[in-house]
Amino acid sequence: MKSDIEIAQDVKLQPIAQIAEKVGIETDNLELYGKYKAKISFDKIKSLKNQESGKLILVTAINPTPAGEGKSTVTIGLADALNQLGKKTMIALREPSLGPVMGIKGGAAGGGYAQVLPMEDINLHFTGDMHAITTANNALSALIDNHLHQGNELGIDQRRIIWKRVVDLNDRALRHVTVGLGSPVNGIPREDGFDITVASEIMAILCLATDLKDLKERLSNIVIGYRYDRSPVYVRDLKVEGALTLILKDAIKPNLVQTIYGTPALVHGGPFANIAHGCNSVLATTTALALADYAVTEAGFGADLGAEKFLDIKTPNLPKSPDAVVIVATLRALKMHGGVAKADLKQENVQAVKAGFANLKRHVENIRKFGLPLVVAINEFVSDTKEEIAALKELCEQIAVPVELTSVWADGAEGGQALAKRLVELVEHQTSDYHRLYDNGASLEEKIATIVKEIYGGKGVEFTAKAKAQLKQFQANGWDKLPVCMAKTQYSFSDNQNLLGAPNDFTITISELVPKTGAGFIVALTGNVMTMPGLPKQPAALKMDVDEDGTALGLF
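Residue numbers 2 to 557, in our numbering, belong to the letters of the sequence shown in order.
As structure tokens, then:
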């Protein structure tokens, strides 16, 4: 069987201008990055402001396992299948981060015959958005340190600067660093650290901003640290929001690419769902809704993270809420949630499917709490047996949730036809009754407790002494009415990655709260979640190369 990159490199790509024509984007409204990539101009985006929105489909998944789920692959294959059914469809996806690409998780361009192309470019430097975000973030760090060096007019307490530098790589050696060493000409010595670029608040802001004006306003509202009297210091106090916006003026424009089948795809923004809100940009999703009958998007990791944040944080910034949700699962992953080791997944085990179904069932129940119609998509593997499939279908029938098999990795659009037909039927015959999980008027403690109890299935929340002090401080600063973005392991409903399935009666510990006032939410850190990952013993980079003609090798 061909690898993903071999399949992708065999495809004859259409010029991006031809892809744009399918959804009414004129060549004059494209900013070309070679033949097969382009950004959409603000003139075009502004012209769509009063356009009626199409149907919005959100694709999410069960808690991920090493067995794989294929959420992005199903998203792409579903959109291709909808187009084959005559529904004008666009995709809105996140951009991959070089950290996971060079590490262990892989890219974010799909797989097999359900990919967005050119996958090599998308998984590497693409149109430079990640670099622009990195530069803006680190420019702010440089400006903060320069302010300290030049006399510290604002009275910033260098011990309480919370803004970190970033790099778009997994680099554990940079988690904690000291800057300004050497002599007085090198600045003021202080402790600092690096996050991965996708954890930067600027990434979150770029993905929630609706235009350049909104982008600048959000950047000005970033809290970079505190004064000696504990009052917050904002970017607007440094008067550098204009410079940061200038660095990001092109990065904020959505990127247009194509699938193997020529479906137009907007790939833009890339916040992680376990440490940020995990959704592609509001601009990309809104543009897709205005240009197509169906806009298919995805939210990172399981529905307890990406989908919850999509519905509680991103959706209020969109012109409409989702018309339906697709929850992706595999029988392999369900068996892992049912207690089977990865090495034994090829063996039939109906009992493990039944035990692991508890994870899928909870995600179904959670989506229903938001008032949204949904369908389960089972991403097929060759090791799946008739008995296992029959057992899963029966379990889905017992909780009255529609389920369809998909084989888009192996069969492309044709493998997504059943799912596409079921989805169209669902959307055309059922109406959503979307509502958020909590009201922003509730306290931070109440919002966190609601997520833990209603979405995770936990019994309660414990706050460390540091978190308790921050709750009081944030209330005094007027930040307690912002939504909550939980930073939690993606592998479990709990904050213990080893508790698979659907654990109950656990307690979530909040170790720290981080204000993301520019993005417009408060991050609640749980367990030992890290905002700068490390590389595995055998990183994917060891298999990557390039030939003399510049063709990428070993990229998945």
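Think of the CB as a built atom: it goes at the ideal place given N, C-alpha and C, for glycine as much as any other residue.
| said: Do D496 and T527 count as a contact pair if the criterion is CB distance below 9 Å? | reply: Position 526 of the sequence shown, counted from the start, is the residue given in the question as residue 527. Position 495 of the sequence shown, counted from the start, is the residue given in the question as residue 496. Contact: yes.
Review point. Residues in its own chain within less than 8 Å of L170 by CB, not counting five upstream and five downstream?
Key: Translated into positions along the sequence shown, residue 170 becomes position 169. Cβ neighbours of L170 beyond the five flanking positions: L99, G100, M103 and I197.
Hey, quick one: how far does the alpha helix (DSSP H) through A244 stretch, first residue to last?
-> Here residue 244 refers to the residue found at position 243 of the sequence shown. E242 to I248 is the extent of the alpha helix (DSSP H) around A244.
query = Counting pairs of Cβ atoms below 8 Å between the segment 354-369 and the segment 462-471, do you hit three or more?
reply = no
C-alpha gap between L361 and I511, whole angstroms: Along the sequence shown, read from residue 1 onward, the residue named residue 361 stands at position 360. Along the sequence shown, read from residue 1 onward, the residue named residue 511 stands at position 510. Going from the Cα of L361 to the Cα of I511 covers about 25 Å.
Item to check | Residue span of the beta strand (DSSP E) that contains R231, given as start and end | outcome: As a working mapping, residue 231 is identified with position 230 in the sequence shown. Segment: none, R231 is in no beta strand (DSSP E) and carries neither H nor E.
request  = Only counting runs of 4 or more residues, tell me where the alpha helix (DSSP H) segments fall wholly within the segment 463-520, in order along the chain.
outcome  = 466-477
So, does the segment 283-292 touch the segment 65-85, judging by three or more C-beta pairs under 8 Å?
no
- Evaluate contact between the segment 411-421 and the segment 467-481, counting only Cβ atoms and requiring at least three cross-stretch pairs below 8 Å. no
Determine the direct distance from the alpha carbon of L406 to that of D412, and round the result to whole angstroms. Position 411 of the sequence shown holds residue 412. Position 405 of the sequence shown holds residue 406. Near 12 Å, if we compare the C-alpha coordinates of L406 and D412.
Validate contact between the segment 189-208 and the segment 225-243 using beta carbons, cut 8 Å, 3 pairs
no
Using 8 Å as the threshold, is the segment 301-321 in touch with the segment 31-44, meaning 3 or more CB pairs across them? no
State the DSSP-derived secondary structure class of G416, mapped to helix, strand or coil.
Here residue 416 refers to the residue found at position 415 of the sequence shown. Residue state, collapsed to three classes: helix.
Nearest-angstrom Cα separation, counted from K394 out to F475 | Numbered from 1 along the sequence shown, position 474 holds the residue referred to as residue 475. Numbered from 1 along the sequence shown, position 393 holds the residue referred to as residue 394. Cα to Cα, the separation comes out at about 47 Å.
Go to T61, then tell me how far its beta strand (DSSP E) extends in each direction, as first and last residue. What you label residue 61 is simply residue 60 of the sequence shown in a count that begins at 1. Looking at the DSSP string, the run of the beta strand (DSSP E) that includes T61 is K56 to A62.
Any idea which residues DSSP pairs K40 with across the strands? Working through the sequence shown from its first residue, we reach residue 40 at position 39. E32 and N256.
Completely contained beta strand (DSSP E) runs for the segment 112-175, where each covers 3 or more residues: 115-118, 157-162 and 166-168
Quick check on the DSSP output: the beta strand (DSSP E) that includes E299 runs from which residue to which? One-based indexing of the sequence shown puts residue 299 at position 298. Residues Y295 to E299.
- Task: Would you decide whether L71 is buried or exposed? Buried here means 16 or more other CB atoms lie within 10 Å of its CB.
- Result: The residue you call residue 71 lines up with position 70 of the sequence shown. Leu is not the amino acid found at residue 71; the sequence shown has Gly there. When all chains shown are included, G71 counts as buried.
**Prompt:** Alpha carbon to alpha carbon, how far is A110 from N187?
**Reply:** Here residue 110 refers to the residue found at position 109 when the sequence shown is read from its first residue. Here residue 187 refers to the residue found at position 186 when the sequence shown is read from its first residue. Straight-line Cα distance between these residues: approximately 42 Å.
**Meets three-Cβ-pair contact criterion under 8 Å: the segment 82-93 and the segment 346-353** = no
Notebook entry, point to check: Between P540 and G271, which are expected to be in contact by the criterion C-beta below 8 Å, what is the C-beta distance as a whole number of angstroms?
Noted result: Locating residue 540 in the sequence shown gives position 539, where the first residue counts as 1. Locating residue 271 in the sequence shown gives position 270, where the first residue counts as 1. Not really, about 19 Å apart at Cβ, beyond 8 Å.
Rounded to whole angstroms, what's the CA-CA distance from D345 to A391? Just pull it up for me.
Numbered from its first residue, the sequence shown carries residue 345 at position 344. Numbered from its first residue, the sequence shown carries residue 391 at position 390. Roughly 20 Å between the two C-alpha positions.
task: Assign L239 to one of three DSSP states: helix, strand, or coil.
output: The residue given as residue 239 occupies position 238 in the sequence shown. In this structure, L239 counts as helix in the three-state DSSP scheme.
- request: Return the chain-ordered list of same chain residues with a C-beta closer than 8 Å to the C-beta of R219, the five sequence neighbours on each side being excluded.
  value: Indexing the sequence shown from 1 puts residue 219 at position 218. Within the same chain, R219 has close Cβ partners I206, L209, A210, G519, A520 and G521.
What is the rounded straight-line gap between the Cα of G69 and the Cα of A334? Reading the sequence shown from its first residue, position 68 is the one you call residue 69. Reading the sequence shown from its first residue, position 333 is the one you call residue 334. Rounded to the nearest angstrom, the two C-alpha atoms are 6 Å apart.
**Prompt:** Is the segment 154-163 close to the segment 58-69, with three or more CB pairs under 8 Å?
**Reply:** no
- Taking G535 as the reference, which of T508, L216, G183 and I105 has the closest Cα? Mapped onto the sequence shown, residue 535 falls at position 534. Closest option to G535, Cα to Cα, is I105.
Notebook entry, point to check: Would you say P320 and L292 are within 9 Å of each other, going by their C-beta atoms?
Noted result: As a first step, residue 320 is located in the sequence shown; it is residue number 319 there, counting from the start. As a first step, residue 292 is located in the sequence shown; it is residue number 291 there, counting from the start. No, the pair does not count as a contact, with Cβ atoms beyond the cut-off.
Beta-carbon proximity check, G340 vs G502, cutoff 9 Å: For this step, residue 340 is matched to residue 339 along the sequence shown. For this step, residue 502 is matched to residue 501 along the sequence shown. The answer is yes: Cβ separation under 9 Å.
What three-state label does DSSP hand R95 in the structure shown? Taking the sequence shown and counting its residues from 1, the one referred to as residue 95 is at position 94. Coil, per DSSP.
| task | Just mark Y492 as buried or exposed, buried being the case when its beta carbon has 16 or more other beta carbons within 10 Å. | result | Counting from one through the sequence shown, the residue named residue 492 turns up at place 491. It counts as buried.
Q | One or two residues paired with V376 in a DSSP bridge | A | Counting from one through the sequence shown, the residue named residue 376 turns up at place 375. Answer is V327.
Margin query: Am I right that I328 and V268 are in contact with their C-beta atoms under 8 Å? What's the rounded C-beta distance?
Written below: Your numbering for residue 328 matches position 327 in the sequence shown. Your numbering for residue 268 matches position 267 in the sequence shown. 22 Å between Cβ atoms; not a contact.
From the DSSP output, read off the bridge partner residues of A266.
-> Locating residue 266 in the sequence shown gives position 265, counting from the first residue. DSSP output for A266 lists I92 and V258 as bridge partner(s).
**Q.** Closer than 9 Å to chain D by CB, H436
**A.** Among the chains in the structure shown there is no chain D, since it carries only a single protein chain.
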